[in-house]
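Chains as they are written, first to last, in our numbering: chain A, 7 to 277; chain B, 287 to 542.
Here you go:
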C-alpha cells in the first residue's frame, strides 16, 4: 500500500519528462501540419510545420539572419544583466531598510503597472532606436520580477538564522551578506528566470515597433510588411525566438536545481 | 563571570499588548560553572538569554559579562539555540557552518578549517564535515551547532533548550556530550531548559524562575557524588530529592 503511494509521489525521471515534452511538441507540430495541408487553415497564413521548421533551418545559413539574431540576443543579455545588477542591490536595500521601502513605495507602485510596451515610442523619441532603445526597455521591464523576488526572499529569511550569526558578534552588513543574501538567493534566481522571459518579449516587441535597424523583431517586421507577407519567414523567426526562450528557461532551471539543492531538500522537490 | 542585576524587560511597553517578560531578576554565575535555568514555559527564559547575549536591549537593569556591561554581543560568547534546523545555514557544508563564526577571530582559512575539524571531532562528527545539514539527523545537526560553538572557544556558552527538539535517547547522548566537552574546554555554561530532570542531571547549580514576569524563586546547588551517569545518577537518592525540590519550585509549591 504505502509503497504504491510512495511511487506515485516520486517525480518522473528526467528522461521521462523530456520524452513527454518532446511528444507534446511533436503533436503540436503535427496538428499545424494537418490544418495547413488539409486546407482547414489557409496555407497562405499558416504554412505546414515542416515548411516553417525547414525555413528556420535554412535561415541559419543566412548571414543576415544570423546578424539579426545575434543583435537581439545581445540586447536581451545586456538588458537582463543590467536589470539584475540594478534590481538585486535595490531589492536588498528596500528589503532590509523599512524606512526607504516606505518612502519609495508610492513611486514603485505607480511605475510598476505601466506596461513597458506602452513606453516603446516614448523611449524611442528620447534616446533613439538603436541598441540602447531595446536595452533601456528590457531593463525597465525585467527590473520588477527581480526586485520583487529579492524583497520577497529577504522577507522570508529566518530571524533565528540571522540571530545565530549576530550572536557571534557579526554586524548587520555581515548578516546581510552571509545569511540574508544566500538565504534569498533561490528566490532571486527565480526572479531572474521570470525576467529572462519578460526581457525576450520586450526585445522582440521593441524591434517590431521600431521597425528599423537590426534584430530578429526587425526581420519579422519586414517579412510582415512585404507584399505578399512572407508567412514562413515570420513563423520561422517566431520559432527561433520561442526555442531560445525554452532553452534559456531550461538552462536556468537546471542551474537553480544544482546551486540550490539545499533549498529543494528543505522545501521538498517540486516541479 | 556573569552578573545580572535587577534585570527587567517589557515587550511592547505602553501598548495594550504590553508584556512583562522579566521583572527584577538578579543572578550571578561563577567562572567555570554549569548553571541550569528552569522555569515554566513562556516564563521569559529566552528573553533572559537574549539579554545576556546582547541580542536585545533589556528595558531595565543590567547584565555584565566578565565585568563588562553588555551593550552588544560580548566577545567570546557562543549561543546554541533549540532549533538547529533554523540556526544552521543549509547552504553551507557542515564544516563551513562550524568555521563561519571564526571569521571574527582573525584566523586564516586553513586555521579556521583545522579548528572546525577539531570541534567536529570533539562532538563525534569528524566524518561529516563535507555533508550538508539536511543530510544529517536532528541529533547530529544539534551536535554540529554545538561544535560551531566549541570551535569559537567561548568563555561563556549559552544554550537555549538545546535538546528540546530531539528524541529521548539522543537527548541523553547530548547531555553527556555537554558534560564531556565542558571537561575539555574551560568555559562557563548557562543552559536553559524546561526539563527538571535534565537541569539536575547536567547542572552544578539549578536556578528556578517564576512564571512571567520572571524572577528567581529558587537557587540550588547540585552536589551529586561521582561522574554523572544516565542510570546510576538518576537513581541516586540525592538526585531524586533534588528533582522533587526543583519540581516543587517550578510549580510554585516551594517547601523551603
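The beta-carbon is built from N, C-alpha and C at its ideal position, and this holds for glycine as well.
- At a cut-off of 9 Å between beta-carbon atoms, residue 169 of chain A makes contact with chain B.
- Taking a 10 Å sphere around the C-beta of residue 327 of chain B, we find fewer than 16 other C-beta atoms and assign the residue as exposed.
- DSSP, read as helix, strand or coil, puts residue 491 of chain B in strand.
- The beta carbon of residue 460 of chain B lies closer than 8 Å to those of 425, 428, 429, 432, 448, 449, 452 in the same chain, with the five residues before and after it left out.
- At the C-beta level, residue 505 of chain B and residue 524 of chain B stay beyond 9 Å of one another.
- When B:420, B:388, B:363, B:346 are compared, the shortest CA-CA separation from residue 310 of chain B is found for B:346.
- By the criterion of a C-beta distance shorter than 8 Å, residue 240 of chain A is surrounded in its chain by 226, 229, 230, once the five residues flanking it on both sides are discounted.
- Here residue 452 of chain B carries a coil assignment [DSSP, helix/strand/coil].
- If you draw a straight line from the Cα of residue 194 of chain A to the Cα of residue 84 of chain A, it is about 18 Å long.
- Within the stretch 157-239 of chain A, the alpha helix (DSSP H) runs of at least 4 residues that lie entirely inside it are, in chain order, 165-172, 178-181, 187-216, 222-231.
- Residue 412 of chain B carries a coil assignment under DSSP once its states are collapsed to helix, strand and coil.
- Scanning chain A for C-beta atoms nearer than 7 Å to the C-beta of residue 373 of chain B yields 166, 167, 170, reported in chain order.
- Along the length of the stretch 392-439 of chain B, whole alpha helix (DSSP H) runs at least 4 residues long occupy 395-408, 424-437, reported in chain order.
- Of all residues in the stretch 128-155 of chain A, none is placed with a Cβ closer than 9 Å to any Cβ belonging to chain B.
- Around the beta carbon of residue 331 of chain B, 16 or more other beta carbons lie within 10 angstroms, which makes this residue buried.
- When secondary structure is reduced to three states using DSSP, residue 366 of chain B falls in the strand class.
- Residue 367 of chain B reaches chain A at 166, 169, 170, 173, counting residues in chain order whose Cβ is nearer than 9 Å.
- If you check each beta-carbon in the stretch 183-198 of chain A against every beta-carbon of chain B, the ones closer than 8 Å belong to 184, 185, 188, 189, 191.
- In terms of Cβ geometry, residue 268 of chain A and residue 420 of chain B form a close pair [threshold 9 Å].
- Per DSSP, reduced to three states, the secondary structure at residue 46 of chain A is coil, with no helix or strand assignment.
- Annotated as distal: residue 363 of chain B and residue 434 of chain B, with beta-carbon spacing of 9 Å or more.
- Within the model, the alpha-carbon separation for residue 57 of chain A versus residue 50 of chain A is close to 12 Å.
- Beta-carbon to beta-carbon, residue 203 of chain A and residue 156 of chain A are separated by about 17 Å, too far to satisfy the 8 Å threshold.
- Taking C-beta atoms as the reference points, residue 378 of chain B and residue 418 of chain B count as a pair closer than 9 Å.
- Contact with chain B is found for residue 269 of chain A, since one of that chain's Cβ atoms lies less than 9 Å from the residue's Cβ.
- Rounded to the nearest whole angstrom, the C-alpha separation of residue 159 of chain A and residue 36 of chain A is 42 Å.
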